[in-house]
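Protein chains in written order, with the working numbering: chain Y, 92 to 342; chain C, 7 to 212. We treat Cβ as the ideally placed atom computed from N, Cα and C, and that holds for glycine.
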Amino acid sequence: MVKVRIIPCLDVKDGRVVKGINFIDLVDAGDPVEQAKHYSENGADEICFLDISASLEKRNTMVQVVEKTANEVFIPLTVGGGISSIDNIHSLLKAGADKTSINSAAINNPEIVKKASEYFGNQCIVVAVDAKKMNNDWYVFSHGGTKNTGLLALEWIEKVQKFGAGEILLTSMDKDGTKSGFDLELLKAVSNILEIPLIASGGVGSLKHFYEGVNTGKANALLAASVFHFNEISIKEVKEYLFNKNIEIRL
Amino acid sequence: MLQITVVDYGSGNVLSAQKSFIKVANDNNLSVKVLISKDLNEIKNSSHVVLPGQGAFSTCMSGLNNTPGLVEALYEFAIIKQKPFLGICVGMQMLAKDSEENGFHKGLGWIDGHIKALPKKDLKLPHMGWNIVSPTNKNKLVTMSQDYYFVHSYYFECQKKENILAESLYGINFTSIVGKENIYGVQFHPEKSSSQGLKLLKNFLI
């Protein structure tokens with residue numbers, strides 16, 4: 092059967108990795124290509140780049156980063172952050188990205204999900220959703236989780252699924268950065284309504300959290316950033332831990 | 007010198023296929039030229055042809071059919087001259103007679119079989135991620151069971167057992183590698199399947 096995927100996510104600003112320590116085998120820890128290669132060689136099932144550049148101009152450097160990465164990394168690459176148009180998606184896919192993750196652009200104009208999945212196939216369109224609990228409901232937040240869109244997360248996710256999203260990348264804004272584990276209730280609720288794969292993100296701090304994300308949250312893939320970048324947990328450790336708990340995993 | 011042509015008909019991540027073959031060539035000291043092209047002469051002069059494919063079956067078939075002479079050139083290469091040919095993902099599916107994806111659409115019909123929807127059951131679709139490919143017949147691409155990266159919602163229902171080279175499990179057992187003499191098709195993405203994927207591409211080349 093298909094394996095649970097472990098996905099390290101790299102924050103890239105103006106073409107450079109902004110978080111993370113220097114792994115022993117890296118010449119330049121700030122180079123996203125080297126980081127991606129390192130993770131690929133150490134068992135990552137996919138790589139995710141999140142572009143946090145402030146300006147549009149700087150964001151164009153991402154296309155070059157993707158091109159260079161595709162020369163050396165032979166596992167799937169997802170690129171997200173600041174994607175605002177079909178043209179953006181096209182240039183990233185053309186440069187060698189396998190999937191693009193869209194967030195605000197979908198909120199501003201849901202039709203982009205429909206168009207993009209028709210043009211490029213739904214397998215390359217990931218919709219990223221930042222959810223936060225307020226008054227017993229989860230709402231979709233935008234602008235890095237600072238602005239409440241007023242959209243109910245579950246309704247929104249059903250809508251983008253219907254519009255042709257290939258996967259949902261779900262981040263709990265309540266849990267993100269806390270290292271207290273995934274928001275399992277949120278994951279369960281979303282997993283229940285999804286016919287497409289679910290990538291869980293936000294809050295992972297220990298090996299047990301990864302297991303809960305799959306076992307209780309029913310996520311199909313687990314994305315994490317800081318625990319990997321600061322070498323607190325290695326991908327290999329996660330995979331061996333899950334394997335010993337009888338989760339289908341690629342060792 | 008080998009010449010590999012990745013067929014460029016407006017579909018798929020042709021760049022990844024090209025780059026993975028370049029990587030294989032560099033790692034194995036092979037003298038290889040890897041083209042992304044739909045030029046009929048380049049296809050004719052190739053030692054190996056790779057047909058990628060992403061998105062809907064009908065879109066991919068139209069892409070092939072809309073380039074004058076392309077299907078004929080591929081036929082001459084793979085069927086008449088019997089030179090090594092590899093279809094990837096929808097490129098594999100197009101080897102079948104037809105597909106039920108969004109209606110009924112004719113394929114190339116080089117290998118007996120039909121493209122059908124994966125049963126839904128309780129499983130997420132597309133079937134996305136790493137899954138085991140187990141050889142069922144002796145073949146040059148894979149010799150042992152290993153994980154490869156899949157992204158698809160339809161599968162190749164193969165009519166002849168001898169054309170099934172490997173199977174995988176997702177709700178049902180389905181054919182993950184088809185083969186008929188010099189023609190191969192893989193449902194998964196070797197160009198995205200890390201070292202074992204590159205190994206498969208190398209096995210295709212030599």
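Using a beta-carbon distance below 8 Å, is residue 224 of chain Y in contact with chain C?
Not flagged as an interface residue toward chain C: residue 224 of chain Y, since no C-beta distance is shorter than 8 Å.
Nearest to residue 182 of chain Y (by Cα), restricted to the options Y:254, Y:168, Y:157
That would be Y:157, whose Cα lies nearest to the Cα of residue 182 of chain Y.
Between residue 124 of chain C and residue 161 of chain C, how many whole angstroms is the CB-CB distance? I'm expecting something under 8 Å.
Between residue 161 of chain C and residue 124 of chain C the Cβ distance is about 6 Å, and since that is below 8 Å, they are a contact.
Distance, Cα to Cα, residue 361 of chain Y vs residue 324 of chain Y?
Nothing about residue 361 of chain Y can be reported from this structure: the residues present for chain Y run from 92 to 342 only.
Distance between residue 186 of chain Y and residue 154 of chain Y (C-alpha atoms, nearest Å)
Residue 154 of chain Y and residue 186 of chain Y have their C-alpha atoms spaced approximately 6 Å apart.
Name the chain A residues that come within less than 7 Å of residue 94 of chain Y, Cβ to Cβ?
In the structure shown, chain A does not exist; the protein chains are Y and C.
Skipping 5 residues on each side, what residues in its chain have a beta carbon closer than 6 Å to that of residue 202 of chain C?
Answer for residue 202 of chain C: 152, listed in chain order.
Determine, using beta carbons only, whether residue 107 of chain Y comes closer than 8 Å to chain C.
Not an interface residue.
Taking all protein chains shown into account, do 16 or more other C-beta atoms lie within 10 angstroms of the C-beta of residue 137 of chain Y, making it buried, or fewer, making it exposed?
By the Cβ-count criterion, residue 137 of chain Y is buried, with 16 or more other Cβ atoms from all chains shown falling within 10 Å of its own Cβ.
By the DSSP assignment, the beta strand (DSSP E) with residue 171 of chain Y in it spans what residues?
For residue 171 of chain Y, the enclosing beta strand (DSSP E) starts and ends at 168-171.
Cα separation between residue 240 of chain Y and residue 234 of chain Y?
Inter-residue distance for residue 240 of chain Y and residue 234 of chain Y is about 10 Å (C-alpha atoms, whole angstroms).
For residue 258 of chain Y, which option in Y:174, Y:264, Y:310 has the closest C-alpha, if you only look at C-alpha atoms?
Closest option to residue 258 of chain Y, Cα to Cα, is Y:310.
Under 8 Å, do residue 109 of chain C and residue 145 of chain C count as touching if we go by C-beta distance?
Not closer than 8 Å, so no.
Rounding to the nearest angstrom, what Cα-Cα distance links residue 105 of chain C and residue 111 of chain C in this structure?
One C-alpha to the other measures close to 5 Å.
Considering only residues of the same chain and omitting the five flanking positions on each side of residue 288 of chain Y, which have a CB-CB separation below 7 Å?
Same-chain partners within the cutoff: 258, 311, 312.
As assigned by DSSP and simplified to three states, the class of residue 64 of chain Y:
With chain Y represented from 92 up to 342, any question about residue 64 of chain Y goes unanswered, as that position is not in the structure.
Cβ-based burial, residue 81 of chain C [other Cβ within 10 Å; buried from 16]:
Per the 10 Å Cβ criterion, exposed.
Neighbourhood of residue 308 of chain Y by C-beta, 7 Å cutoff - its chain only, sequence neighbours within 5 removed:
Result list for residue 308 of chain Y: 273, 275, 278, 279, 282, 291, in chain order.
Contact check, residue 193 of chain Y vs residue 216 of chain Y under 8 Å by CB: the rounded distance?
With a Cβ gap of about 7 Å, residue 193 of chain Y and residue 216 of chain Y count as contacting.
9 Å Cβ cut-off: residues of chain C touching residue 285 of chain Y
Near residue 285 of chain Y (Cβ distances below 9 Å), the residues of chain C are 130.
Of all the options Y:200, Y:202, Y:172, which has the alpha carbon lying nearest to the alpha carbon of residue 190 of chain Y?
Check the Cα spacing between residue 190 of chain Y and each of Y:200, Y:202, Y:172: the tightest is with Y:172.
Against chain Y, with Cβ distances strictly below 8 Å, would residue 55 of chain C count as a contact?
Not a single CB atom of chain Y sits nearer than 8 Å to the CB of residue 55 of chain C.
For a cutoff of 8 Å on Cβ pairs, would you count residue 203 of chain C as touching chain Y?
Residue 203 of chain C counts as touching chain Y.
Comparing C-alpha positions only, which one of Y:144, Y:133, Y:95, Y:218 sits nearest to residue 169 of chain Y?
Across the set Y:144, Y:133, Y:95, Y:218, the C-alpha of Y:218 shows the shortest separation from the C-alpha of residue 169 of chain Y.
Under 8 Å, Cβ to Cβ, is there at least one residue of chain Y near residue 211 of chain C?
So no, residue 211 of chain C is outside the interface.
Find the residues of chain Y that neighbour residue 176 of chain C, judging by a C-beta separation of less than 8 Å, and give them in chain order.
Within chain Y, the residues near residue 176 of chain C are 92, 93.
Going by beta-carbon coordinates alone, are residue 56 of chain C and residue 92 of chain C separated by less than 8 Å?
Yes; because the gap between Cβ atoms is below 8 Å, this pair is in contact.
What is the residue span of the alpha helix (DSSP H) that residue 210 of chain C lies within?
DSSP places residue 210 of chain C inside the alpha helix (DSSP H), whose first and last residues are 200-211.
Cβ neighbours of residue 127 of chain Y in the same chain (closer than 6 Å, five flanking residues each side left out):
Taken in chain order, the residues that qualify are 138, 160, 164.
So, is the C-beta of residue 292 of chain Y closer than 8 Å to a C-beta in chain C?
Not a single CB atom of chain C sits nearer than 8 Å to the CB of residue 292 of chain Y.
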